[in-house]
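So for the sequence shown, this note's numbering puts the first residue at 15; every next one is plus one. The beta carbon of each residue, even a glycine, is placed where N, CA and C say it ideally should be. As the structure is a prediction and not an experimental result, all values here were calculated from the model. Structure first, commentary second.
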Amino acid sequence: MKQISSRFSLAVHTLSLIAVMPSECTGDMIADSANTNPVIIRRIMSMLKKAGLIQVRPGVGGSILLKEPEDITLLDVYRAVGVTQDSQLFNFHKEPNLACPVGRTMESSLRRELAEAQQAMEQRLARTTIKQMMDAAHAEIKISADDPQNESIG
């Protein structure tokens with residue numbers, strides 16, 4: 015199976031940071047937090063802006079969410095960053111052997127199954143919000159900070 019682009023996880027990371035500290039949230043700061051190239055983050059921020067999820071202030075003004083974190087679903091993010099081409103998560107071989115009974119019929123059978131799998135994934139993403147992701151991350155941060163063996167946190 016083709017992997018979903020890392021743009022998705024980076025976009026969730028970006029939106030979560032913007033929700034927590036909008037005035038300080040520049041592309042460079044987000045890139046530092048995500049340990050990636052600032053150019054990649056700027057591209058993702060451009061996609062999020064185009065989708066109506068964020069507003070980017072010029073210069074070092076940071077960014078703001080245009081919706082509350084509880085109103086942005088992971089499906090919104092998934093669609094905003096164009097994770098898949100033509101809304102299809104799965105691709106198919108373009109030229110199967112039509113003389114073979116399996117080659118001739120496999121795509122239509124498999125297409126139905128994979129469409130259902132994609133629909134189930136999208137329904138799941140639609141149930142989870144950026145706020146829920148932030149709450150889960152906050153809980154993990156607290157657990158890590160409370161661990162006496164973890165001296166690097168806090």
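Can you tell me which residues form a DSSP beta bridge with residue i?
| i | result |
| --- | --- |
| VAL70 | SER77 |
| THR143 | THR87 |
Going by CA-CA distance only, name the one from the options that's closest to residue i.
| i | options | result |
| --- | --- | --- |
| GLY66 | ARG118, GLU130, VAL91 and VAL116 | VAL91 |
| SER30 | ARG21, ILE44, PRO52 and ALA129 | ILE44 |
| ASN51 | ARG21, SER123, MET35 and GLY73 | ARG21 |
| ARG93 | GLU38, VAL34 and LYS64 | LYS64 |
| VAL74 | CYS39, LYS81, PRO83 and LEU80 | CYS39 |
| ARG125 | HIS107, PRO83 and ARG57 | HIS107 |
With a CB to CB cut of under 7 angstroms and the five nearest residues on each side skipped, what residues in its chain are close to residue i?
| i | result |
| --- | --- |
| GLY96 | MET61 |
| ASP46 | none |
| LYS81 | LEU67 |
Quick check on the burial criterion: 16 or more other C-beta atoms within 10 angstroms. Buried or exposed for residue i?
| i | result |
| --- | --- |
| ALA140 | exposed |
| MET8 | For residue 8 there is no data in the structure shown, the boundaries of the chain being 15 and 168. |
| GLY41 | buried |
| CYS114 | exposed |
| GLY76 | buried |
| ILE170 | The requested residue 170 does not occur in the structure, where the chain is confined to residues 15 to 168. |
| ALA33 | buried |
CB-CB under 6 angstroms to residue i, same chain, minus the five flanking residues each way: which ones, in chain order?
| i | result |
| --- | --- |
| LEU103 | GLN132 |
| SER37 | GLY76 |
| ILE78 | PRO36 and GLN69 |
| ARG118 | LEU112 |
For residue i, which residues of its own chain have a beta-carbon under 8 angstroms away from its beta-carbon, when the five flanking residues on both sides are left out?
| i | result |
| --- | --- |
| ALA48 | LEU24, HIS27, THR28 and ILE55 |
| MET120 | PRO110 |
| GLU136 | LEU89 and TYR92 |
| THR142 | THR87 and LEU88 |
Given 7 angstroms as the limit, tell me if residue i has its C-beta closer than that to any heavy atom belonging to the ligand COA.
| i | result |
| --- | --- |
| SER123 | Although the ligand COA was asked about, the structure shown includes no ligands whatsoever. |
Inspect the CB distances between the segment 78-92 and the segment 134-148 and report whether three or more fall short of 8 angstroms.
yes
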